Amino acid sequence: MKQFCHDITMSDGVDRHYVLTDKKQNKFIPPKANTVIFGSKKYVELLLHASKVITAFIENNNVFPFPEKEYSRYANQMQFETIYLQHGVLHIDMPWKYSPEKIIADKIVVACDVDYRIFR
Numbered sequence: 001m002k003q004f005c006h007d008i009t010m011s012d013g014v015d016r017h018y019v020l021t022d023k024k025q026n027k028f029i030p031p032k033a034n035t036v037i038f039g040s041k042k043y044v045e046l047l048l049h050a051s052k053v054i055t056a057f058i059e060n061n062n063v064f065p066f067p068e069k070e071y072s073r074y075a076n077q078m079q080f081e082t083i084y085l086q087h088g089v090l091h092i093d094m095p096w097k098y099s100p101e102k103i104i105a106d107k108i109v110v111a112c113d114v115d116y117r118i119f120r
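Just so you know, we're using the UniProt record's numbering here: the sequence shown kicks off at 1 and counts up by one.
Below is the structure:
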């Protein structure tokens with residue numbers, strides 16, 4: 001969220017939206033920020049037109065608001081690049097979840113050398 005709060009002040013032509021899972025989260029977001037509720041019609045529309053999705057949670061159900069059986073229905077409509085903001089080493093030693101072949105991200109931003117060695 002800190003990165004989003006920084007970036008939302010920029011005037012660089014990028015249309016940024018902060019995805020909320022709960023309207024109560026709005027109190028933590030700058031007043032001029034674009035917010036959208038995960039799974040809403042607006043969220044799906046934005047996702048289908050996005051060029052980049054930046055996320056701190058990499059599981060499919062944190063990005064896609066529909067059941068896995070519907071992924072193929074939307075696959076040809078989604079052209080975005082997924083950027084995963086890996087945020088610490090607490091859960092990093094979980095190859096069944098975070099190995100390169102399990103990660104759905106196109107790019108990964110890491111926080112430390114341990115992360116770099118695992119994700120390179």
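Every residue, glycine too, gets a C-beta built ideally from N, C-alpha and C. Note that the structure is a prediction, hence the values are computed from the model and not measured.
TODO: Scan the region 32 to 111 and note each continuous beta strand (DSSP E) run of 3 residues or more that stays entirely inside, going in chain order.
DONE: 35 to 37, 52 to 55, 81 to 85, 107 to 109
Task: Identified DSSP bridge partners for Y18 - done: T35
Open item on the list: Less than 7 angstroms between C-beta atoms, sequence neighbours within five positions excluded: which residues of the same chain meet that for I58?
Closed with: Y84, I103, I104, A105
Task: Start and end residues, alpha helix (DSSP H) containing residue 121 - done: This structure cannot settle anything about residue 121, because the visible part of the chain is limited to 1 through 120.
TODO: Kindly indicate which residue of I8, T21, E81, A50 has the alpha-carbon position closest to the one of P31.
DONE: I8
TODO: Taking D12 as part of the alpha helix (DSSP H), name the residues at either end of that continuous run.
DONE: Where D12 is concerned, there is no enclosing alpha helix (DSSP H), given that its DSSP letter is neither H nor E.
Open item on the list: Taking 8 angstroms as the threshold (C-beta atoms), are L46 and Y74 in contact?
Closed with: no
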